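Residue numbers (our numbering): -11 to 622.
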Amino acid sequence: MKRSLGVCYYPEHWPEAQWAEDAARMAALGLTWVRIGEFAWGLMEPVEASYDWGWLDRAIETLGAAGLKVVLGTPTATPPRWMLNKHPDMIALDRDGKPRGFGSRRHYCFSHRPYRAECARIVTAMAERYGKNRHVAAWQTDNEYACHDTVLSYSQAATQAFRDWCAQKYQSPQALNRAWGNVFWSMDYASFDEIALPNLTVTEANPAHVMAHRRFASDEVVSFNRLQVEILRKHSTAPISHNYMGQITDFDHFDVGADLDIAAWDAYPLGFLSDRLAATPAHKHRFVRQGDPDFQAFHHDLYRAVGRGRWWVMEQQPGPVNWAPWNPDPLPGMARLWAWEAFAHGAEAVCYFRWRQAPFAQEQMHAGMLRPDSVAAPAYHEAGQVAQELAQMPDVGTARAQVGLVFDYASAWAWETQPQGRDYSYFRQVFETYRGLRRLGLNVDILPPDTADLSAYPIVLAPGVATMSQPLLAALAVHQGQSLIGPRSNSKTADFAIPLPLPPNLPNLKATVARVESLPPDVPVPLTLGGNFLHWREKIETSAQVLETTTDGWPALIAARGLQYLAGWPDEAALSRILQQLCHKAGIETDPLPEGLRRRDTETHQFLFNYNAVEVEWGGKIIPAAGVLWQKLP
Ligand code: GAL
């Protein structure tokens, strides 16, 4: 597989006279891909049913003539203003029942059936016109599902669709009442038509109701996307992608990904560090111009799984962005490092966002590869360097990792629905585990929650999976390697009740979680071998082997054959020790890395990425600040 670079471009933002020169510069720089179209509904169809394809025909032709391959986006994230005159009720309503206004983007409700029909219409028109176009080499559906908190809508359309979903799933109101435990506060329903969405209740809604709503909302994204995919496939053989985001768990990406050929994601390392990542101020300070050393890699590995091996970075930060609390300038070298890190994790393509900084509208403070005056900005030169390096680099391949780490979207919903402690976050729990593994220099594959075969992985981890699937439990029962499960794993039924017998109900493990407690930040539970449990701990009754205890005398880590169960959320020191003993048992050598240095082995090469602002020495090599080193593996 030849790895390649690309860029996001908005021909409609620039005079047509400029397109040919832009295209020539992109090609000369060594770019292969150009993504266009995803917000241009208003130009494609300025007035209802009156299409204007001329400009898009010419843009595609100009880009293609320069040798570029086009990724064409469907424009359904930005329905034009006239659409609202036609369908005033297509707007999503927020939790408080307030409509989300026109004047930005993503103002639609996934459940509004007439809006879906409008989407089908524009996608059909595009697919008919460009499905066989020789320059259109890939598609993108919509843009960033879930961006700006847009999966959950409390509209009338969503209410009706949720009732239908409940009727399909439970068949009778009585079955739904039983599954949800509606007897609890006289919450029984006599008919599906009585069921509302779980907002605006006096105190918290039934968590089973909330979880059902989360599953429904995820399914709505899946069917919304599938509608477009089915149309595109009728007219085109080009691969279809969607651009996902960082640390967004509002829908099941594995389910959406199952309908697509390529999983893509939008990587804004400095924006994420400033805006999303749970980290200490010292950590944010240290990596302020580089981004977190594990955040990008985690998503590369996640989306490699979502794309079943095929994945891209569709948008790569090129300089300061406009949307985070603070928007610093990346350190020189980072626009190159980020791209190489993606390739080392198996990306087929990395596209920078965007070609030229727009002098107008919402993102005028967002850098591009060019300044608004068309002078090259730093990312232009760094991308050029990557293009030259790629031309000389043989395929770097993707290696099978030593560790499989389960990631489950439904668990993110479960622990948002019922965190039990204010700072319990499933994403954070898995991400900290991932960071611990990467600090030891390990390669990680993310695994979907229904993985049925673990035999390729000497080590498997599944922290916090609320309801473990039957295939996963069966695979664990016959797994020959080491596994680490918990805390909080397998502690809910699919309908969100406490299972009986009590958790964790894992193969061959005689253990009962007798009590759980969440812990305020200043109440750690020390472990006898060092480190602490934070946020969460469990008191376990067991006849299994106890490998570690807490200083107050409870089992902290227990084992039955290769399966270990962890009874709390370990801090960095405890996690590092526990992972190292696991690796030792699995016969894997570990080599802890200096802070901010990360390693990724492909089939052929070892890559080192220095996320520090200073050079680092490791294994006799000096890795420059914001630098990348690679060497051929023996
Ligand atoms: C992404 C989005 C782009 C642009 C970019 C700015 O989330 O897909 O359209 O808004 O952020 O960083």
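Ideal Cβ placement from N, Cα and C applies to all residues, glycine included. Predicted, not measured: the structure shown is a model, and the values here were computed from it.
| The beta strand (DSSP E) enclosing residue 59, as first and last residue numbers | Along the sequence shown, read from residue 1 onward, the residue named residue 59 stands at position 71. Its beta strand (DSSP E) spans residues 57 to 61.
| said: Using a Cβ-based criterion (distance less than 7 angstroms to any ligand heavy atom), does residue 315 qualify as near the ligand GAL? | reply: Numbered from 1 along the sequence shown, position 327 holds the residue referred to as residue 315. No - the ligand GAL has no heavy atom lying nearer than 7 angstroms to the Cβ of residue 315.
| N- and C-terminal bounds of the beta strand (DSSP E) containing residue 546 | Position 558 of the sequence shown holds residue 546. Element bounds for residue 546: 543 to 548.
| task | Report the option in 198, 536 and 11 whose CA atom is closest to the CA atom of residue 168. | result | Residue numbering aside, residue 168 sits at position 180 when the sequence shown is read from its first letter. Minimum Cα distance to residue 168 is reached at 198.
| query | Mapping DSSP to helix, strand and coil, what is residue 552? | reply | Locating residue 552 in the sequence shown gives position 564, counting from the first residue. Residue 552: strand per DSSP, three-state reduction.
| task | Give a single yes or no on whether residue 309 has its beta carbon closer than 7 angstroms to a heavy atom of the ligand GAL. | result | As a working note, residue 309 is residue 321 in the sequence shown. Checking the Cβ of residue 309 against the ligand GAL gives yes.
| request: Measure from the alpha carbon of residue 77 to the alpha carbon of each residue in 299, 599 and 88, then state which is nearest. | output: Position 89 of the sequence shown, counted from the first residue, corresponds to residue 77. For residue 77, the nearest C-alpha among the options comes from 88.
| field | Sequence-distant residues of the same chain with beta carbon closer than 7 angstroms to residue 180, five excluded per side | value | Stepping through the sequence shown from its first residue, residue 180 is reached at position 192. Contacts found: 151, 154, 155 and 161.
| message | Residues in the same chain with beta-carbon distance under 7 angstroms from residue 286, minus the five sequence neighbours each way, listed in chain order, please. | response | Looking up residue 286 in the sequence shown gives position 298. Correct list, in chain order: 419 and 422.
| query | Around the Cβ of residue 711, are there at least 16 other Cβ atoms within 10 angstroms (buried) or fewer (exposed)? | reply | Absent from the structure is residue 711, since the part of the chain shown begins at -11 and ends at 622.
| task | Would you mind sorting residue 38 into buried or exposed? The rule is 16 or more other CB atoms within 10 Å of its CB. | result | Counting from one through the sequence shown, the residue named residue 38 turns up at place 50. When all chains shown are included, residue 38 counts as exposed.
| task | Please work out which residues of its chain come closer than 6 angstroms, Cβ to Cβ, to residue 172, disregarding the five sequence neighbours upstream and downstream, and give them in chain order. | result | Residue 172 sits at position 184 when you count from the first residue of the sequence shown. Excluding positions up to five away in sequence, the list is empty.
| query | Can you list, in chain order, the residues of its chain whose CB lies under 7 angstroms from that of residue 290, leaving out five sequence neighbours each side? | reply | Taking the first residue of the sequence shown as 1, we reach residue 290 at position 302. Excluding sequence neighbours, residue 290 sits near 395 and 434.
| message | Check whether the segment 392 to 409 and the segment 350 to 359 are in contact - that is, three or more C-beta pairs closer than 8 angstroms. | response | no
| field | Where residue 491 falls: helix, strand or coil (DSSP) | value | The residue given as residue 491 occupies position 503 in the sequence shown. Three-state result, residue 491: coil.
| field | Three-way DSSP call (helix, strand, coil) for residue 339 in this model | value | For the purposes of this step, residue 339 is taken as residue 351 along the sequence shown, with counting starting at 1. Here residue 339 sits in strand by DSSP.
| Relative to the alpha-carbon of residue 582, which residue among 30, 86 and 600 has its alpha-carbon at the smallest distance? | Indexing the sequence shown from 1 puts residue 582 at position 594. Nearest C-alpha to residue 582: 600.
| Within this structure, are the beta carbons of residue 205 and residue 294 separated by less than 8 angstroms? | On the sequence shown, position 217 is the one that residue 205 refers to. On the sequence shown, position 306 is the one that residue 294 refers to. Cβ atoms of residue 205 and residue 294: not closer than 8 angstroms.
| First and last residue of the alpha helix (DSSP H) that includes residue 566? | As a position in the sequence shown, residue 566 is number 578, starting the count at 1. That run of the alpha helix (DSSP H) goes 560 to 574.
| query | What are the uninterrupted segments assigned as beta strand (DSSP E) that are 3 or more residues long and contained completely in the segment 515 to 542, given in chain order? | reply | 520 to 530 and 533 to 537
| If you compare alpha carbons, which of 34, -1, 1 and -6 is closest to residue 20? | Stepping through the sequence shown from its first residue, residue 20 is reached at position 32. Checked all of 34, -1, 1 and -6; the closest Cα to residue 20 is -6.
| request: Could you please give me the residues that DSSP links to residue 23 through a beta bridge? | output: What you label residue 23 is simply residue 35 of the sequence shown in a count that begins at 1. The partner list for residue 23 (beta bridge, DSSP) reads -4 and 59.
| field | Beta bridge counterpart(s) of residue 232 as assigned by DSSP | value | Along the sequence shown, read from residue 1 onward, the residue named residue 232 stands at position 244. Bridge partners of residue 232: 253.
| message | Do residue 58 and residue 125 count as a contact pair if the criterion is CB distance below 8 angstroms? | response | Indexing the sequence shown from 1 puts residue 125 at position 137. Indexing the sequence shown from 1 puts residue 58 at position 70. The answer is yes: Cβ separation under 8 angstroms.
| query | Assuming residue 234 contacts residue 255 under a Cβ cut-off of 8 angstroms, what Cβ separation, rounded to an integer in Å, is found between them? | reply | By one-based count along the sequence shown, residue 234 stands at place 246. By one-based count along the sequence shown, residue 255 stands at place 267. Indeed they touch by this definition, with Cβ atoms about 7 angstroms apart.
| Using 8 angstroms as the Cβ pair cut-off and three pairs as the minimum, do the segment 590 to 604 and the segment 379 to 393 touch? | yes
| message | Suppose you measure from the CA of residue 208 to the CA of residue 99; what does that come to, to the nearest Å? | response | Numbered from its first residue, the sequence shown carries residue 208 at position 220. Numbered from its first residue, the sequence shown carries residue 99 at position 111. Taking the straight line from one Cα to the other gives about 6 angstroms.
| If you count every other CB in all the chains shown that lies within 10 Å of the CB of residue 432, and 16 or more means buried, which is it? | Position 444 of the sequence shown, counted from the first residue, corresponds to residue 432. Buried is the call here.
| residue 589 by DSSP, collapsed to three states: which one? | Along the sequence shown, one-based indexing puts residue 589 at 601. Strand.
| Whole-number beta carbon distance between residue 276 and residue 324, since they are thought to touch under 8 angstroms | Numbered from its first residue, the sequence shown carries residue 324 at position 336. Numbered from its first residue, the sequence shown carries residue 276 at position 288. Residue 324 to residue 276, Cβ: 18 angstroms. No contact.
| request: Could you round the C-beta distance between residue 332 and residue 338 to whole angstroms and report it? I think they count as a contact, below 8 angstroms. | output: Along the sequence shown, one-based indexing puts residue 332 at 344. Along the sequence shown, one-based indexing puts residue 338 at 350. Residue 332 to residue 338, Cβ: 11 angstroms. No contact.
| message | Given this structure, state the Cα-to-Cα distance separating residue 185 from residue 86, to the nearest angstrom. | response | As a first step, residue 185 must be located in the sequence shown, where it is residue number 197. As a first step, residue 86 must be located in the sequence shown, where it is residue number 98. Looking at the two C-alpha atoms, the distance is approximately 14 angstroms.
| query | Which value, in whole angstroms, describes the spacing of the CA atoms of residue 644 and residue 484? | reply | For residue 644 there is no data in the structure shown, the boundaries of the chain being -11 and 622.
| query | Are the segment 529 to 543 and the segment 508 to 515 touching by the rule of at least three beta carbon pairs closer than 8 angstroms? | reply | yes
| field | Check: residue 254 C-beta below 7 angstroms from any heavy atom of the ligand GAL | value | Locating residue 254 in the sequence shown gives position 266, counting from the first residue. Correct: residue 254 has its Cβ closer than 7 angstroms to the ligand GAL.
| request: Measure the alpha-carbon distance for residue 23 versus residue 133 and round it to whole angstroms. | output: Along the sequence shown, one-based indexing puts residue 23 at 35. Along the sequence shown, one-based indexing puts residue 133 at 145. Roughly 17 angstroms between the two C-alpha positions.
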